[in-house]
Each structure stands twice: as structure tokens, then as C-alpha cells.
Amino acid sequence: MLTLGEMMLAIEDIVGTWKLTCCETRYCDGRTGVHPVGENATGYILYNPDGYVSLELVAQKRLSFTQQDPFAETEEGYAELMRSHLSYVGTFEIRGDYLIHHVEISSYPDFIGHKIERFTRLEDDKLYQTTEPLFMHGESHVVHLELQRVTSAVAV
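As numbered in this note's numbering, the sequence shown has no gaps in its residue numbers, which increase by one up to the final residue, 158.
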């Protein structure tokens, strides 16, 4: 088992595509929290060798657009779709036991220009991350993510 605290994690240890296998949140007082995009979310985090990170999380059971034209969706439809999706792109750095995401663009405008610090532990092909407290749904939460390394989708 390799952890960041025991051995300095090299960028090549985390570069790649990681599939979300579990996402749990807790209020800072320990109560079970709300899920950022809904229960049983699915998604990916991509760490690129150039130092960029991309995250995409969606609810497993998202509503479909109510209109044929997605740009003609109702306000209520857009609001529901927004609640079931989180994405952002930015750069990342390794600092001690933390992977730090510096958000440049995001589906959540309040994330733009901020950093999201994730305590990180790597075990074989699994990545475990816990965020610093994030303000969501009116209260501070800590988000716990479990990710599985994805093998190449391209046949060589």
C-alpha cells in the first residue's frame, strides 16, 4: 500500500482515468450528508500528465429533457438537470498527502478560481480522496470519493 504520507507520490502514480465507485458525504458534525449530484452517482476524474484535471459527476438516474430542443428546456427542467451534474476543469498539484485541484471552469460557478483540497490515499489501482469541508446545500460537508483506475479503452 502506498500512501502520500509514507512515500512522495509521483505524478505518474495518479496520471490516468479514474472511475467513481463510491461517493459519500458527511456534514462536518458527522451526520450523513446529501449527495452532491444524487445517490449512486457515476463519473470520472482524469489526471493528465500536463497537470490538468477534469471531473465529471452525474446522477445515475437523470431526468431527460422535456423538450425536443435542449435549448428550449423549461426553467424547472434546467434546474433539475443542474442539480444532477457537476463538472470542472483546472490544474492540479501534489502537496504532501493532498491532491489540490485549482478550478478554472465549472458547472458550479462558485468553484471557479478556488482550490479543492483532497486528502488522498492510493492502494494499488484504487484512489481514495476526502475533501476539505465544502459548502453545499446550505451547510459544510466533507466528500469521500473512491475511484478505480481505468485501463486503456484503446486496443493496442
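Glycine is no exception: its CB is placed at the ideal position from the N, C-alpha and C atoms.
Checklist entry - What does a CB cutoff of less than 8 Å around Leu59 pick up in its chain, not counting 5 residues either side in sequence? => result Sequence index remark: in the sequence shown, residue 59 carries index 57 (1-based). Closer than 8 Å at Cβ, skipping near neighbours: Leu22, Cys25, Pro38, Val39, Ala43, Thr44, Gly45, His87, Leu88, Ser89.
Checklist entry - For Glu125, does the three-state DSSP call read helix, strand or coil? => result On the sequence shown, position 123 is the one that residue 125 refers to. Correct three-state label for Glu125: strand.
Checklist entry - Out of Arg85, Ile107, His104, Lys128, which has the shortest C-alpha to C-alpha gap to Ile16? => result Here residue 16 refers to the residue found at position 14 when the sequence shown is read from its first residue. The shortest C-alpha separation from Ile16 is found at Lys128.
Item to check | Selection from Ile102, Gly140, Gly32 that minimises the alpha carbon distance to Tyr49 | outcome: Numbered from 1 along the sequence shown, position 47 holds the residue referred to as residue 49. Here the closest residue by C-alpha is Ile102.
Checklist entry - Is it right to say Ala61 is buried, meaning 16 or more other beta carbons lie within 10 angstroms of its own, or is it exposed? => result The residue labelled residue 61 in the question sits at position 59 within the sequence shown. It is buried - the Cβ of Ala61 has at least 16 other Cβ atoms within 10 Å.
Checklist entry - Looking only at its own chain, which residues have a Cβ that is under 8 Å from the Cβ of Trp20, when we skip the five neighbours before and after it? => result Position 18 of the sequence shown, counted from the start, is the residue given in the question as residue 20. If we look at Trp20 and ignore the five residues flanking it on each side, its Cβ neighbours are Tyr46, Ile47, Leu48, Tyr49, Leu129, Leu149, Gln150, Arg151, Val152.
Checklist entry - For Leu48, does the three-state DSSP call read helix, strand or coil? => result On the sequence shown, position 46 is the one that residue 48 refers to. Of the three classes helix, strand and coil, the one that applies to Leu48 here is strand, per DSSP.
Checklist entry - What are the partner residues of Gly92, as DSSP defines its beta bridges? => result For this step, residue 92 is matched to residue 90 along the sequence shown. Bridge pairing for Gly92: Val55, Val105 [DSSP].
Checklist entry - Between the beta-carbon of Thr93 and the beta-carbon of Gly140, is there less than 8 Å? => result Residue 93 sits at position 91 when you count from the first residue of the sequence shown. Residue 140 sits at position 138 when you count from the first residue of the sequence shown. Result no, Cβ atoms of Thr93 and Gly140 do not sit closer than 8 Å.
Next on the checklist: Distance check for Phe113 and Glu78, CA to CA, integer angstroms please.
Outcome noted: Locating residue 78 in the sequence shown gives position 76, where the first residue counts as 1. Locating residue 113 in the sequence shown gives position 111, where the first residue counts as 1. Looking at the two C-alpha atoms, the distance is approximately 23 Å.
Checklist entry - For Ser142, which residues of its own chain have a beta-carbon under 8 Å away from its beta-carbon, when the five flanking residues on both sides are left out? => result The residue you call residue 142 lines up with position 140 of the sequence shown. So the list reads Tyr29, Cys30, Pro135, Leu136, once near-sequence residues are dropped.
Next on the checklist: Taking the alpha helix (DSSP H) that Glu14 belongs to, which residues open and close that run?
Outcome noted: Along the sequence shown, read from residue 1 onward, the residue named residue 14 stands at position 12. Note, Glu14: alpha helix (DSSP H), 13 to 16.
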